[in-house]
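>
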Amino acid sequence: MSMEGAFIVLEGIDGVGKTTISKRLGAWLEGRGRKAVLTAEPTEGWLGMAVRRANREDLDPRTEALLFTADRCQHTLAIERLLAEGNVVVSDRYYGSTVAYQGAALERGMGEGAVEWLLAMNRPVVRRPDLTVLLTCDPGAAMRRVGARGDRSKFEREGYLGRVQEIYLMLAGDLGWTVVSSDGPLDEVFERVRRAVQAYV
Ligand code: TMP
26 MSMEGAFIVL EGIDGVGKTT ISKRLGAWLE GRGRKAVLTA EPTEGWLGMA
76 VRRANREDLD PRTEALLFTA DRCQHTLAIE RLLAEGNVVV SDRYYGSTVA
126 YQGAALERGM GEGAVEWLLA MNRPVVRRPD LTVLLTCDPG AAMRRVGARG
176 DRSKFEREGY LGRVQEIYLM LAGDLGWTVV SSDGPLDEVF ERVRRAVQAY
226 V
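Taking our numbering, I'd label the letters of the sequence shown as residues 26 to 226.
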């Protein structure tokens, strides 16, 4: 088994189940004798806090995109250190989140240029993941799950999340991501993700 680091990213709309899958992946990796580090964006650092504040204060989506990307720039440096130490890093969200969420918010004003701008801005800031898994589900079902958590953000509206998922699917096609449906029992969803990850760890 290779003990080189591997960088795995989970993407998908709010309520699709990334966090649960990420924890199960961590446990599975440890069970295989791999050092696994679970991480997430926005981060818990002050830049991540700034992003959350911008979200609460309803700032311009361009400002938000810049803040998410600044948070990611520092996060990428931390990820690269962890990879160099041989860890498998599993990130709950990465640059695809900015392209899909802020792309959906900005495209009304900027058209196709929104996604182009967000991709170009992120290119020098990111480390190419070994594998990105996009979890998909019906946006209505995702909304119901998020509603049950009682902490809805402004990003969690059904029509908006539907568009976010469309952009995600477009990125998945262009960038060769693995698309996994999160419909069905959790054990089955995890099994689909595990099969995709296995080749990289
Ligand atoms: P979380 O619920 O996964 O912690 O993410 C917080 C919210 O921030 C979620 O609604 C997705 C959104 N988000 C963006 O809009 N752009 C980004 O780049 C990231 C990382 C998250």
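Just so you know, even glycine gets a beta-carbon here, dropped at the ideal spot from N, CA and C.
Considering only residues of the same chain and omitting the five flanking positions on each side of R220, which have a CB-CB separation below 8 angstroms?
Numbered from 1 along the sequence shown, position 195 holds the residue referred to as residue 220. Around R220: no qualifying Cβ.
> Between F215 and R49, is the Cβ-Cβ spacing less than 9 angstroms?
The sequence position of residue 215 within the sequence shown is 190, counting from 1. The sequence position of residue 49 within the sequence shown is 24, counting from 1. Yes.
> With respect to 8 angstroms, is the separation between the Cβ of F32 and the closest non-hydrogen atom of ligand 1 below this value?
Taking the sequence shown and counting its residues from 1, one reaches residue 32 at position 7. For ligand 1, not one heavy atom lies less than 8 angstroms from the Cβ of F32.
> Taking C-beta to C-beta, are Y120 and N147 nearer than 9 angstroms?
For the purposes of this step, residue 120 is taken as residue 95 along the sequence shown, with counting starting at 1. For the purposes of this step, residue 147 is taken as residue 122 along the sequence shown, with counting starting at 1. The answer is yes: Cβ separation under 9 angstroms.
> What are the complete beta strand (DSSP E) segments, minimum 3 residues, inside the stretch 110-192?
Runs found: 113-117 and 156-161.
> Just checking K48 against ligand 2 - is the residue's beta carbon closer than 8 angstroms to any of the ligand's heavy atoms?
As presented, the structure is devoid of ligand 2, carrying ligand 1 as its sole ligands.
> May I ask you to list the residues that DSSP assigns as paired with V62?
Residue 62 sits at position 37 when you count from the first residue of the sequence shown. Per DSSP, V114.
> Give the straight-line distance between the Cα atoms of F93 and P210, rounded to the nearest whole angstrom.
Position 68 of the sequence shown holds residue 93. Position 185 of the sequence shown holds residue 210. Between F93 and P210, the C-alpha separation is close to 32 angstroms.
> Pick from V151, A145 and F32: whose alpha carbon is nearest that of G111?
Taking the first residue of the sequence shown as 1, we reach residue 111 at position 86. Nearest of V151, A145 and F32 to G111, Cα basis: F32.
> Can the beta-carbon of G42 be found closer than 9 angstroms to that of S207?
Along the sequence shown, read from residue 1 onward, the residue named residue 42 stands at position 17. Along the sequence shown, read from residue 1 onward, the residue named residue 207 stands at position 182. Result yes, Cβ atoms of G42 and S207 sit closer than 9 angstroms.
> Assign T88 to one of three DSSP states: helix, strand, or coil.
In the sequence shown, residue 88 corresponds to position 63, counting from 1. Residue state, collapsed to three classes: helix.
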